[in-house]
Amino acid sequence: MQDLKLALDDLSSHITTLSTLNGGEPPLELDTESSARLIPWKDFTLKFLKSLKESLDNCGVNLGSSEQARVISLTAIFVGQDNFTDDNCRALANTCLDSIGILGKTTAACVLNDHVKPLFQASVHPGVHLDSGRIKHNAISVQNMYDEQPWKINGAGCWNILKWTLLNMDSHDVETLWPLAIPPLLTLLDDYKPVYKLKGVDVTQALLKKAPASLLSRTGVDELLFKSLRGALLNLTSDSAPELLRMTIPCYLALIDIVLPNDDLKRYTKLSEIITDVIIPGWLYASSRVEVMVESVYVLSFVVQALGAGSIRFLKAIIPQLTENLFPKEFSLAHTTGKLQIASAKCLLLVMTNARPRIPYWRIRILDGLLRCWVEINENEPTDTGLEREELKEHLVAIFRELLATSQGLLEFLDGGFKVSDQIASRDVAVIPASRSFLLNTTMLEPIYELFYRMKEAWRQHYPADPPTWKQSDMPDLTGKVVLVTGGSSGIGFEMCKAFLNKNAKVYMVGRQSDRAQMALASLATIKKGELKFIEINLRSLDSTHTAAREFLSQEQKLDILVNNAAEFLPPIDILTDEGYDLVFGVNCVATCFFTLCLLPCLLRTHNARIINIASEVHKWIDQIDYESVVEGEKRRGMDQFVNYGQSKLGLMLFSNELHRRYHRRGLTSVSLHPGSIRTNCFRNKQTWLQFIIHLFMYPTEMGAITPLWAATTGEDLSGRYLLPWARVAQCASWAEDVDQMKKLWSWIIDQTQTFNPNITQFREE
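So for the sequence shown, the working numbering puts the first residue at 682; every next one is plus one.
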């Protein structure tokens, strides 16, 4: 015990020196020069804590209440996130505190009464009775509590002691020890410096985890806490404002949930005060500080969620600000502006969901901010990795979907646009009302007509009314399975790689070496499940395609699942593959089929191997392949690009069905499918405004992965079948199952590619 006393005395003396590092100034307020002196001070602290730990280990657990209280008061100082402690000190301090065991009522009272209370007696909070911990009615507002504050200088870390004690005391002891905990807590909360307000909020969160609602209400301390928490947020000009917002609002909402769970009127009043007294004034006085705006929008989301339909009252303030936030702030870092845009988009969607009845009145304002933001992020040069841009795009499209769902007038306008376009296409312009004479510029609208027509048809055919009945969580465990996905760096391929890894598969992501691929690999590497490998391939080159296949075969003896996902869509007409094929047909059909043939021996020796071919409903647009149009020439240049894309997907389906016809009896499953109208980067070669319009009518990429993942992992025999979203068996066009066309395509592929891999000629005959 003597060793323990000496260790405690040494640590106590050392802590006393903390107040001398900056001429008696509070340790939390040290300047840069003085902060440098903390480094050797913390080294000595670590030494004293180690000595104390050894003494505690020798003493065992046979300590009296006073000894336990002294250990707590000297070690709990270092468990917080303060400038005078670090990870090593925190770890040792927590180890010492663990030796205390269960915190008894007597020990807790001793800590609060003997070690915490004396620090605050010179700066008593005017709003609470010291003896009872109850609210002091008609309290005189005085500044005496700020005149002398020894707890700041001599009591560094006292907030950590208070927090640790509250968290570790028994819930039944809270009411008895209440008067000892509340005065110092309120003193921290109501201090004029934000750094101490933050400590007070931290202690308040600990209190709310223990204190019963009846005690908070009966003593009137709930009102004091409401007032103090709001007061902590009234000045958002300090450097600590973002952190204050992020910590204080959740604490305020937790207090509401505890003391006003069923009182709708009072609950609504308290929630409203946060918006009217804190958030909206904060926008007025801190609008130039983007980091403060980010946090205010972030916490507004929680308040809106708590208000529900009650948030309608504040739309006049909320929607203009959120839509304004969608446009970049001048003179601000792009990364910070991106955070504000994402936070505002998330919050705006939440507001629209909770205030649906009134959103039609705001549709123009919302659409204006939406379109301005979309144009900006697509036309300006990206300054980040692209992940923030993609996340923002996802939220913008979600907002537009919600806008369509709540604003029927917008749908009627689009529908009217279809009808007018139909009239223009048929040249029946005389029936168009004069009020729409601005639409008579057929040169301008004819290209748009084709787009809207395709979109309208896709909407009718490829947007199932019912939600998916099969989910990714229904996938079986894939431990031991080898999966290869082409085009896995983005879109559907990326979502599939992610899903396969989450189910413990060994996944080969095959694609071009690019920044996008590196970003995808870095993202997938965070999953920490399965095994991820990358093989470079350029499907524009048959030589590169063969090299990639050989690279895979040199590493693996089996292939359980092959997903042919990579594709080209509507590129510039002048681009060809290295061998001179049309880029779309060369990648989507020739190279993809050749790659599959190169891997076919491995697939055939794998038990129950599967080939998933991502096709499209556009295979129905053309009933046969014009092989003269897939190489450079007049026929190719005269062919409609959509038709050309359609025949490339028809070719892939013919190949898929021929695989089934030839090898299903040997256990190979070959499936073709349409993943849905999915928002991928396939329109990357088109104008930004066109991409925006098209993406508005498409589902997110994770939805596009549902059908191919089902095909790849279900226990059903789907070989030779054609699938539609979401995980449904459908009927393909009859010509896609024409055996003569299937055989012709099969032979043509081998003829065109055998030079690059003569071994595939073994598959010419059935």
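Built from N, CA and C at the ideal position, the CB exists for glycine as well.
Practice prompt. Spell out a yes or no on whether the segment 1272–1286 and the segment 1305–1317 are touching, meaning 3 or more CB-CB pairs, one atom from each, closer than 8 Å.
Written response: No, they do not touch.
Fill in: CB-CB length for G1452 against L917, believed under 8 Å
Outside the displayed range of the chain (682 to 1447) lies residue 1452, so it cannot be described from this structure.
Worksheet item: Going by alpha carbons, who is nearest to S747 out of V792, P707, G782 and D763?
Response: Walking along the sequence shown from the start, residue 747 turns up at place 66. Shortest Cα-Cα distance from S747 to any of V792, P707, G782 and D763 involves V792.
Worksheet entry | Bridge partners - Y1350, DSSP secondary structure assignment | Start at 1 with the first residue of the sequence shown, and residue 1350 comes out as number 669. For the record, residue 1350 in the displayed sequence is Thr; it is not Tyr. Per the DSSP secondary-structure output, T1350 pairs in a beta bridge with R1291.
Fill in: 7 Å Cβ shell around N1438 - same chain, five flanking residues per side excluded
Position 757 of the sequence shown holds residue 1438. Counting only Cβ-Cβ distances below 7 Å, and skipping sequence neighbours, we find H1227 and C1279.
Worksheet entry | Contact the segment 1206–1226 vs the segment 1282–1290: 3+ CB pairs below 8 Å | The count of Cβ pairs closer than 8 Å, one atom from the segment 1206–1226 and one from the segment 1282–1290, stays below three, leaving the stretches out of contact.
Worksheet item: Can you pull the DSSP bridge partners for Y1262?
Response: Counting from 1 along the sequence shown, the entry for residue 1262 is found at position 581. Looking at the DSSP assignment, Y1262 forms a beta bridge with V1312.
Item to complete: Put T1395 into one of helix, strand or coil per three-state DSSP.
Response: Within the sequence shown, the letter at position 714 stands for residue 1395. DSSP places T1395 in coil when its eight states are reduced to three.
Worksheet item: Which class does N1245 belong to by DSSP, given the choice of helix, strand or coil?
Response: For the purposes of this step, residue 1245 is taken as residue 564 along the sequence shown, with counting starting at 1. If DSSP states are grouped into helix, strand and coil, N1245 belongs with the strands.
Fill in: Coarse secondary structure for A1411, derived from DSSP in three states
Start at 1 with the first residue of the sequence shown, and residue 1411 comes out as number 730. The answer is strand: DSSP assigns A1411 an E or B state.
Item to complete: Could you work out which residue in A922, E976 and Q986 is closest to L952 when comparing CA atoms only?
Response: As a first step, residue 952 must be located in the sequence shown, where it is residue number 271. L952 has its Cα closest to that of Q986, out of A922, E976 and Q986.
Worksheet item: What number of angstroms, rounded off, separates the C-alpha of L1051 from the C-alpha of E1060?
Response: Taking the sequence shown and counting its residues from 1, the one referred to as residue 1051 is at position 370. Taking the sequence shown and counting its residues from 1, the one referred to as residue 1060 is at position 379. Answer to the nearest angstrom: the Cα atoms are 14 Å apart.
Worksheet item: So what does DSSP say about F1250, is it helix, strand or coil?
Response: By 1-based counting over the sequence shown, the position of residue 1250 is 569. When DSSP states are grouped into helix, strand and coil, F1250 belongs to the coil group.
Item to complete: Flag this pair as yes or no: are the beta carbons of S732 and L699 separated by less than 9 Å?
Response: Here residue 732 refers to the residue found at position 51 when the sequence shown is read from its first residue. Here residue 699 refers to the residue found at position 18 when the sequence shown is read from its first residue. L699 sits away from S732, with the two beta carbons spaced by 9 Å or more.
Discussion item. Could you check whether V1032 and L996 sit closer than 9 Å to each other, using their CB atoms as the reference points?
Written reply: Position 315 of the sequence shown holds residue 996. Position 351 of the sequence shown holds residue 1032. Yes. Within cutoff.
Discussion item. Buried or exposed, going by whether 16 or more other CB atoms sit within 10 Å of the CB of V1420?
Written reply: The residue you call residue 1420 lines up with position 739 of the sequence shown. Classification for V1420: exposed.
Practice prompt. Have a look at D920, K1424, A1201 and T1087 and flag the residue whose alpha-carbon is nearest the alpha-carbon of I1045.
Written response: In the sequence shown, counting from the first residue as 1, residue 1045 sits at position 364. Comparing alpha carbon positions, the residue from D920, K1424, A1201 and T1087 closest to I1045 is T1087.
Discussion item. Which of the three DSSP states is assigned to M850 in this structure?
Written reply: What you label residue 850 is simply residue 169 of the sequence shown in a count that begins at 1. Residue state, collapsed to three classes: coil.
Item to complete: Give the DSSP bridge partners of V1166, in chain order.
Response: Here the question's residue 1166 lines up with position 485 in the sequence shown. In the DSSP output, where bridge partners are listed per residue, V1166 has M1190 and V1244.
Practice prompt. Kindly list the residues whose CB is nearer than 7 Å to the CB of E954, restricted to its own chain and excluding five residues on each side of it in sequence; keep chain order.
Written response: In the sequence shown, the residue the question calls residue 954 occupies position 273. These residues qualify, in order along the chain: R911.
Discussion item. Within a Cβ cutoff of 7 Å, which residues of the same chain sit near N775, ignoring the five residues on either side of it in sequence?
Written reply: Start at 1 with the first residue of the sequence shown, and residue 775 comes out as number 94. These residues qualify, in order along the chain: V760.
Worksheet item: What does a CB cutoff of less than 7 Å around I1023 pick up in its chain, not counting 5 residues either side in sequence?
Response: Against the sequence shown, residue 1023 aligns to sequence position 342. Excluding positions up to five away in sequence, the list reads E1069, E1072, L1073 and H1076.
Discussion item. Contact defined as beta carbons within less than 8 Å: I believe A922 pairs with E1176. What is the distance between those atoms, to the nearest angstrom?
Written reply: Position 241 of the sequence shown, counted from the first residue, corresponds to residue 922. Position 495 of the sequence shown, counted from the first residue, corresponds to residue 1176. Contact flag wrong, Cβ pair sits at about 38 Å.
Item to complete: Report yes or no: do the segment 1186–1194 and the segment 1148–1165 share at least 3 C-beta pairs separated by less than 8 Å?
Response: Segment contact: the segment 1186–1194 against the segment 1148–1165, three or more CB-CB distances shorter than 8 Å; contact assigned.
Worksheet item: Looking at C-alpha atoms only, which residue of I993, F1336, V884 and I696 is the closest neighbour of L1426?
Response: The residue you call residue 1426 lines up with position 745 of the sequence shown. Of the candidates I993, F1336, V884 and I696, the one whose C-alpha sits nearest the C-alpha of L1426 is F1336.
Discussion item. In the DSSP assignment, the alpha helix (DSSP H) including Y979 goes from what residue to what residue?
Written reply: By one-based count along the sequence shown, residue 979 stands at place 298. Looking at the DSSP string, the run of the alpha helix (DSSP H) that includes Y979 is V971 to L988.
Worksheet item: Beta-carbon separation of H1355 and A1296 under 9 Å?
Response: Residue 1355 sits at position 674 when you count from the first residue of the sequence shown. Residue 1296 sits at position 615 when you count from the first residue of the sequence shown. The answer is yes: Cβ separation under 9 Å.
Worksheet item: When you compare only the Cα positions, how much space is there between Q683 and E735?
Response: For the purposes of this step, residue 683 is taken as the residue at position 2 of the sequence shown. For the purposes of this step, residue 735 is taken as the residue at position 54 of the sequence shown. For the pair Q683 and E735, the Cα-to-Cα distance works out to about 13 Å.
Worksheet item: What separation, rounded to the nearest whole angstrom, lies between the Cα atoms of L1213 and Q1153?
Response: Residue 1213 sits at position 532 when you count from the first residue of the sequence shown. Residue 1153 sits at position 472 when you count from the first residue of the sequence shown. Their backbone Cα atoms lie some 19 Å apart in a straight line.
Item to complete: Assess, as a yes-or-no matter, whether the segment 1196–1210 is touched by the segment 1245–1265 under the definition of 3 or more beta carbon pairs within less than 8 Å.
Response: Verdict: no, contact absent.
Worksheet item: So is I1058 buried or exposed if we call it buried at 16+ other beta carbons inside 10 Å?
Response: By one-based count along the sequence shown, residue 1058 stands at place 377. In summary, I1058 is buried, with 16 or more beta-carbon neighbours lying within 10 Å of its beta-carbon over all protein chains present.
Item to complete: State the Cα-Cα distance for the pair S919 and L709, rounded to the nearest angstrom.
Response: Counting from one through the sequence shown, the residue named residue 919 turns up at place 238. Counting from one through the sequence shown, the residue named residue 709 turns up at place 28. Going by C-alpha positions, S919 is about 16 Å away from L709.
Worksheet entry | Those residues which DSSP pairs with L1213 across a bridge | Against the sequence shown, residue 1213 aligns to sequence position 532. For L1213, which the question treats as bridged, DSSP gives the partners V1188.
Worksheet item: Measuring from the CB of A1230, is there a heavy atom of the ligand SAH at a distance below 8 Å?
Response: This structure simply doesn't include the ligand SAH, nor any ligand for that matter.
Worksheet item: For the beta strand (DSSP E) that Y966 lies in, which residues bound it at each end?
Response: Along the sequence shown, read from residue 1 onward, the residue named residue 966 stands at position 285. For Y966, there is no enclosing beta strand (DSSP E); the residue is found in the alpha helix (DSSP H) stretching over I961 to A967.
Discussion item. Since V1244 and P1149 should fall inside the 8 Å C-beta cutoff, what is the C-beta to C-beta distance between them, to a whole number of angstroms?
Written reply: Mapped onto the sequence shown, residue 1244 falls at position 563. Mapped onto the sequence shown, residue 1149 falls at position 468. The Cβ separation is near 19 Å, so there is no contact.
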